[in-house]
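For the sequence shown, the UniProt record's numbering begins at 1 and goes up steadily by one. This report refers to the structure that appears directly beneath it.
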Amino acid sequence: MNKRSFKYAWVLDKLKAERERGITIDIALWKFETTKYYCTVIDAPGHRDFIKNMITGTSQADCAVLIIDSTTGGFEAGISKDGQTREHALLAFTLGVKQMICCCNKMDATTPKYSKARYDEIVKEVSSYLKKVGYNPDKIPFVPISGFEGDNMIERSTNLDWYKGPTLLEALDQINEPKRPSDKPLRLPLQDVYKIGGIGTVPVGRVETGVIKPGMVVTFGPSGLTTEVKSVEMHHEALQEALPGDNVGFNVKNVAVKDLKRGYVASNSKDDPAKGAASFTSQVIIMNHPGQIGNGYAPVLDCHTSHIAVKFSELLTKIDRRSGKELEKEPKFLKNGDAGMVKMLPTKPMVVETFAEYPPLGRFAVRDMRQTVAVGVIKSVEKKDPTGAKVTKAAVKKGAK
Numbered sequence: 001m002n003k004r005s006f007k008y009a010w011v012l013d014k015l016k017a018e019r020e021r022g023i024t025i026d027i028a029l030w031k032f033e034t035t036k037y038y039c040t041v042i043d044a045p046g047h048r049d050f051i052k053n054m055i056t057g058t059s060q061a062d063c064a065v066l067i068i069d070s071t072t073g074g075f076e077a078g079i080s081k082d083g084q085t086r087e088h089a090l091l092a093f094t095l096g097v098k099q100m101i102c103c104c105n106k107m108d109a110t111t112p113k114y115s116k117a118r119y120d121e122i123v124k125e126v127s128s129y130l131k132k133v134g135y136n137p138d139k140i141p142f143v144p145i146s147g148f149e150g151d152n153m154i155e156r157s158t159n160l161d162w163y164k165g166p167t168l169l170e171a172l173d174q175i176n177e178p179k180r181p182s183d184k185p186l187r188l189p190l191q192d193v194y195k196i197g198g199i200g201t202v203p204v205g206r207v208e209t210g211v212i213k214p215g216m217v218v219t220f221g222p223s224g225l226t227t228e229v230k231s232v233e234m235h236h237e238a239l240q241e242a243l244p245g246d247n248v249g250f251n252v253k254n255v256a257v258k259d260l261k262r263g264y265v266a267s268n269s270k271d272d273p274a275k276g277a278a279s280f281t282s283q284v285i286i287m288n289h290p291g292q293i294g295n296g297y298a299p300v301l302d303c304h305t306s307h308i309a310v311k312f313s314e315l316l317t318k319i320d321r322r323s324g325k326e327l328e329k330e331p332k333f334l335k336n337g338d339a340g341m342v343k344m345l346p347t348k349p350m351v352v353e354t355f356a357e358y359p360p361l362g363r364f365a366v367r368d369m370r371q372t373v374a375v376g377v378i379k380s381v382e383k384k385d386p387t388g389a390k391v392t393k394a395a396v397k398k399g400a401k
């Protein structure tokens with residue numbers, strides 16, 4: 001337990017393997033209540049290997065809490081060109097997380113301790129970067145904290161009496177609750193699938209659009225497997241319906257765990273059911289690629305909870321990243337800082353949607369060489385009908401198509 005710097009994250013570290021390595025690996029869902037909200041912490045790991053987990057986690061978040069190491073050297077490493085602070089902020093914005101709270105952490109270890117000058121320096125530099133990314137820094141609280149000592153986490157700290165803004169808990173209460181798209185057709189990307197003794201197969205994920213309720217007949221894209229939902233649970237309580245933003249588990253009839261995978265998407269079989277994409281066209285911004293990207297490039301796409309290799313089959317146009325105006329038709333390549341429209345082909349079945357219709361399923365990060373090389377949004381999708389998809393007895397009974 002002597003890993004002092006990771007002490008606060010320890011609460012979120014569930015897996016033994018994570019504890020032994022001393023780093024937060026998978027997305028831990030951890031709950032707490034404020035006076036106003038039920039909060040679910042999606043612990044997006046602050047380590048480069050795990051950015052793909054961060055992408056699936058971030059795309060489910062209503063607010064990003066950016067934790068900044070305020071120590072000498074720690075802050076500079078995070079904000080450097082290849083630093084994690086920069087990468088995480090850019091990803092949060094591109095993946096549609098509009099609200100942010102910045103925590104200047106480890107204030108107990110600045111020189112001198114709890115230094116206002118250090119805090120001011122960090123606020124100035126991070127604000128200027130966040131503005132470039134697209135955030136409005138005037139709307140972002142910068143809370144000086146010590147996770148280790150507990151300063152300004154829940155209660156105001158006398159060590160930081162020069163700071164007059166909200167504590168972290170108060171800042172969380174000031175988040176605006178986003179409008180939930182419950183009137184759209186259901187889209188629920190699976191985060192995991194469990195087999196639970198005495199209950200059966202329980203897929204788990206967050207409702208992104210629409211509602212899911214017991215008795216509904218759902219189709220899982222891209223496979224087309226169709227079955228009935230027996231029950232829906234959140235925080236160990238049965239729900240009559242789950243709405244967008246809810247992280248739920250739901251029990252399905254006559255389905256083996258092996259028939260479902262992370263990245264599959266549950267949908268209402270009678271209302272625009274989710275299908276696999278044959279191809280799709282995206283607007284992509286190249287952020288961090290050492291060379292040039294041309295036709296045939298095949299990186300991994302992280303979109304909602306799926307991680308699948310896709311081929312850049314055609315670079316259609318190069319565009320101005322701010323105005324969207326076309327600069328060049330059929331460019332030979334795209335390089336850092338360029339934006340373009342690209343036709344993409346998934347190498348395995350995957351569900352994506354247009355950003356306009358289903359935003360959480362229409363934005364993605366492009367991963368290669370263990371880093372995020374590009375981000376993008378999907379403009380159009382050519383869908384394909386599944387062949388020979390299984391329809392369970394329960395679904396037939398319910399009169400599924």
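Glycine included, every Cβ here is placed at the ideal spot set by N, Cα and C.
Other residues of its chain near residue 278: CB distance less than 6 Å, five sequence neighbours each side excluded: Against the sequence shown, residue 278 aligns to sequence position 278. Correct list, in chain order: 382, 384.
Through-space distance from residue 132 to residue 22, alpha-carbon basis: Here residue 22 corresponds to residue number 22 of the sequence shown, with the count starting at 1. Here residue 132 corresponds to residue number 132 of the sequence shown, with the count starting at 1. Below a pLDDT of 50, predicted positions are generally treated as unreliable, and residue 22, at 44, falls in that range; no measurement from the model is reported.
The segment 97–109 touching the segment 123–142, judged by at least three CB pairs closer than 8 Å: yes
Rounded C-alpha distance that separates residue 391 from residue 156: Here residue 391 is taken as the residue at index 391 of the sequence shown, counted from 1. Here residue 156 is taken as the residue at index 156 of the sequence shown, counted from 1. If you take the alpha carbons of residue 391 and residue 156, they lie about 57 Å apart.
Straight-line Cα distance separating residue 208 from residue 368: Counting from one through the sequence shown, the residue named residue 368 turns up at place 368. Counting from one through the sequence shown, the residue named residue 208 turns up at place 208. Going from the Cα of residue 368 to the Cα of residue 208 covers about 27 Å.
Cα-Cα separation between residue 399 and residue 227, rounded to whole angstroms: The residue labelled residue 399 in the question sits at position 399 within the sequence shown. The residue labelled residue 227 in the question sits at position 227 within the sequence shown. Their Cα atoms are separated by approximately 10 Å.
Bridge partner(s) assigned by DSSP for residue 227: Locating residue 227 in the sequence shown gives position 227, counting from the first residue. Answer by DSSP bridge pairing, in chain order: 218.
Top-ranked residue by Cα proximity to residue 143, from 129, 306, 221, 161: Along the sequence shown, one-based indexing puts residue 143 at 143. Residue 161 is the option with its Cα nearest to residue 143.
Beta-carbon proximity list for residue 358, same chain, < 6 Å, skipping 5 on both sides: Looking up residue 358 in the sequence shown gives position 358. These residues qualify, in order along the chain: 187, 209.
Collapsed DSSP secondary structure at residue 142 in the structure displayed: One-based indexing of the sequence shown puts residue 142 at position 142. Strand at residue 142.
Three-way DSSP call (helix, strand, coil) for residue 233 in this model: Reading the sequence shown from its first residue, position 233 is the one you call residue 233. Residue 233 falls in the strand class under three-state DSSP.
CA nearest to the CA of residue 38, picked from 245, 200, 201, 364: Taking the sequence shown and counting its residues from 1, the one referred to as residue 38 is at position 38. With distances taken between Cα atoms, residue 38 lies closest to 245.
Coarse secondary structure for residue 156, derived from DSSP in three states: Position 156 of the sequence shown, counting from 1, holds the residue named residue 156. Coil.
Paired residues, beta bridge with residue 394 - DSSP: Position 394 of the sequence shown, counting from 1, holds the residue named residue 394. DSSP lists no partner for residue 394.
CB of residue 288 within 7 Å of CB of residue 373, strictly: Taking the first residue of the sequence shown as position 1, residue 288 is located at position 288. Taking the first residue of the sequence shown as position 1, residue 373 is located at position 373. Yes; because the gap between Cβ atoms is below 7 Å, this pair is in contact.
Short Cβ contact (7 Å threshold) for residue 61 with residue 100: Here the question's residue 61 lines up with position 61 in the sequence shown. Here the question's residue 100 lines up with position 100 in the sequence shown. In this structure, residue 100 does not lie closer than 7 Å to residue 61 by Cβ.
Integer Cβ distance of residue 282 from residue 378, believed to fall under 8 Å: Here residue 282 refers to the residue found at position 282 of the sequence shown. Here residue 378 refers to the residue found at position 378 of the sequence shown. About 5 Å separates the two Cβ atoms, so the contact holds.
Pairwise C-alpha distance: residue 223 and residue 345: Reading the sequence shown from its first residue, position 345 is the one you call residue 345. Reading the sequence shown from its first residue, position 223 is the one you call residue 223. Whole-angstrom Cα-Cα distance: 17 Å.
Beta carbon of residue 308 nearer than 7 Å to that of residue 301: For the purposes of this step, residue 308 is identified with residue 308 of the sequence shown, where counting begins at 1. For the purposes of this step, residue 301 is identified with residue 301 of the sequence shown, where counting begins at 1. Contact: yes.
Element boundaries [beta strand (DSSP E), containing residue 311]: Within the sequence shown, residue 311 is the residue found at index 311, counting from 1. Note, residue 311: beta strand (DSSP E), 306–319.
Whole-angstrom C-beta distance between residue 66 and residue 85, which should lie under 8 Å: Within the sequence shown, the letter at position 85 stands for residue 85. Within the sequence shown, the letter at position 66 stands for residue 66. About 7 Å separates the two Cβ atoms, so the contact holds.
Terminal residues of the beta strand (DSSP E) in which residue 404 lies: Any answer about residue 404 is impossible in this case: the structure gives the chain only from 1 up to 401.
C-alpha distance - residue 349 paired with residue 263, whole-angstrom precision: Your numbering for residue 349 matches position 349 in the sequence shown. Your numbering for residue 263 matches position 263 in the sequence shown. Taking the straight line from one Cα to the other gives about 10 Å.
Where residue 38 falls: helix, strand or coil (DSSP): Sequence index remark: in the sequence shown, residue 38 carries index 38 (1-based). Three-state DSSP puts residue 38 in a strand.
Residues of its chain near residue 111, where Cβ-Cβ distance is below 7 Å and the 5 sequence neighbours each way are ignored: Reading the sequence shown from its first residue, position 111 is the one you call residue 111. Closer than 7 Å at the Cβ level, and outside the excluded window around residue 111, lie 72.
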